[in-house]
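Residue numbers (full-length UniProt numbering): 1 to 202.
We put the CB at the ideal spot given by N, CA and C, even for glycine.
The structure under discussion appears below in the form of structure tokens.
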């Protein structure tokens with residue numbers, strides 16, 4: 001019997017919202033991002049795959065004005081106002097010792113032993129997979145009707161020292177503002193390369 005495959009292609013509107021029409025925002029409308037929405041974003045992003053289900057991403061959600069002002073102090077001049085005025089800014093970091101959680105996250109085998117004694121390897125894997133989780137976060141936020149403003153222009157050492165002070169093995173990597181974007185603050189879209197420019201099929 002021939003297996004039947006279902007066409008689960010997302011609608012054009014959904015793809016536009018998540019990818020084609022989505023933009024990186026520099027300014028925000030004065031509308032709250034709720035704690036429920038933050039939980040909804042996480043509950044989606046956690047379903048994205050990571051190597052050995054390692055989930056190295058560690059997230060600090062700066063929602064209070066005090067926390068956003070503090071984060072803005074650690075940002076480049078062009079990013080300060082974006083951070084201060086966004087309803088929420090999430091710090092995407094990673095745990096160098098993510099392997100300590102693998103006995104319950106990946107119980108099929110002794111995955112923890114794969115990473116013991118190799119801190120450089122753990123840092124590389126944690127950075128790569130937490131960056132994936134940050135991308136899932138942006139897709140989840142957009143899917144839920146929110147806009148994003150990813151930024152790397154922050155002093156990561158200072159952000160790590162302050163926001164991960166209680167977790168000495170965590171490292172900040174980048175930040176992303178989330179809210180309801182003000183369309184008047186976006187630039188013209190930068191070029192996007194055609195398939196043949198950076199792809200080949202072997």
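Sub-8 angstroms separation of residue 76 and residue 153 beta-carbons: Reading the chain shown from its first residue, position 76 is the one you call residue 76. Reading the chain shown from its first residue, position 153 is the one you call residue 153. It is a contact, given that the beta carbons lie within the stated cut-off.
Helix, strand or coil at residue 48 [DSSP, three-state]: Position 48 of the chain shown, counting from 1, holds the residue named residue 48. DSSP places residue 48 in coil when its eight states are reduced to three.
Contacts around residue 174, its chain only, beta-carbon distance under 7 angstroms, and the 5 residues preceding and following it disregarded: Translated into positions along the chain shown, residue 174 becomes position 174. 92, 134, 150, 151, 152, listed in sequence order.
Cβ contact check for the segment 17 to 26 and the segment 106 to 125: 3 or more pairs under 8 angstroms: Not touching, per the Cβ criterion.
Residue closest to residue 56, alpha-carbon to alpha-carbon, out of 28, 130, 71, 200: Taking the chain shown and counting its residues from 1, one reaches residue 56 at position 56. The shortest Cα separation from residue 56 among 28, 130, 71, 200 belongs to 130.
Proximity of residue 20 and residue 170 at Cβ, strictly below 8 angstroms: Within the chain shown, residue 20 is the residue found at index 20, counting from 1. Within the chain shown, residue 170 is the residue found at index 170, counting from 1. Cβ atoms of residue 20 and residue 170: not closer than 8 angstroms.
Which listed residue (45, 132, 86) has its alpha carbon closest to that of residue 29: As a first step, residue 29 must be located in the chain shown, where it is residue number 29. The shortest Cα separation from residue 29 among 45, 132, 86 belongs to 86.
Spatially closest choice to residue 43 from 14, 136, 51, by CA coordinates: Within the chain shown, numbered from 1, the residue matching residue 43 stands at position 43. Ranking 14, 136, 51 by Cα distance to residue 43 puts 136 first.
Other residues of its chain near residue 115: CB distance less than 6 angstroms, five sequence neighbours each side excluded: On the chain shown, residue 115 is found 115 positions in, with the first residue counted as 1. Same-chain partners within the cutoff: 99, 122.
8 angstroms contact criterion, which residue 90 and residue 178 should meet: CB distance rounded: If you number the chain shown from 1, residue 90 lands on position 90. If you number the chain shown from 1, residue 178 lands on position 178. The beta carbons of residue 90 and residue 178 sit about 6 angstroms from each other, so the pair counts as a contact at 8 angstroms.
Simplified DSSP assignment, three categories, for residue 64: In the chain shown, the residue the question calls residue 64 occupies position 64. In the three-state reduction of the DSSP assignment, residue 64 falls in the coil class.
Where residue 71 falls, given that 16 or more other Cβ within 10 Å makes a residue buried: On the chain shown, position 71 is the one that residue 71 refers to. Residue burial annotation: residue 71 is buried, with at least 16 other C-beta atoms found within 10 angstroms of its C-beta.
For residue 94: DSSP bridge partner residues: Working through the chain shown from its first residue, we reach residue 94 at position 94. For residue 94, which the question treats as bridged, DSSP gives the partners 57, 171.
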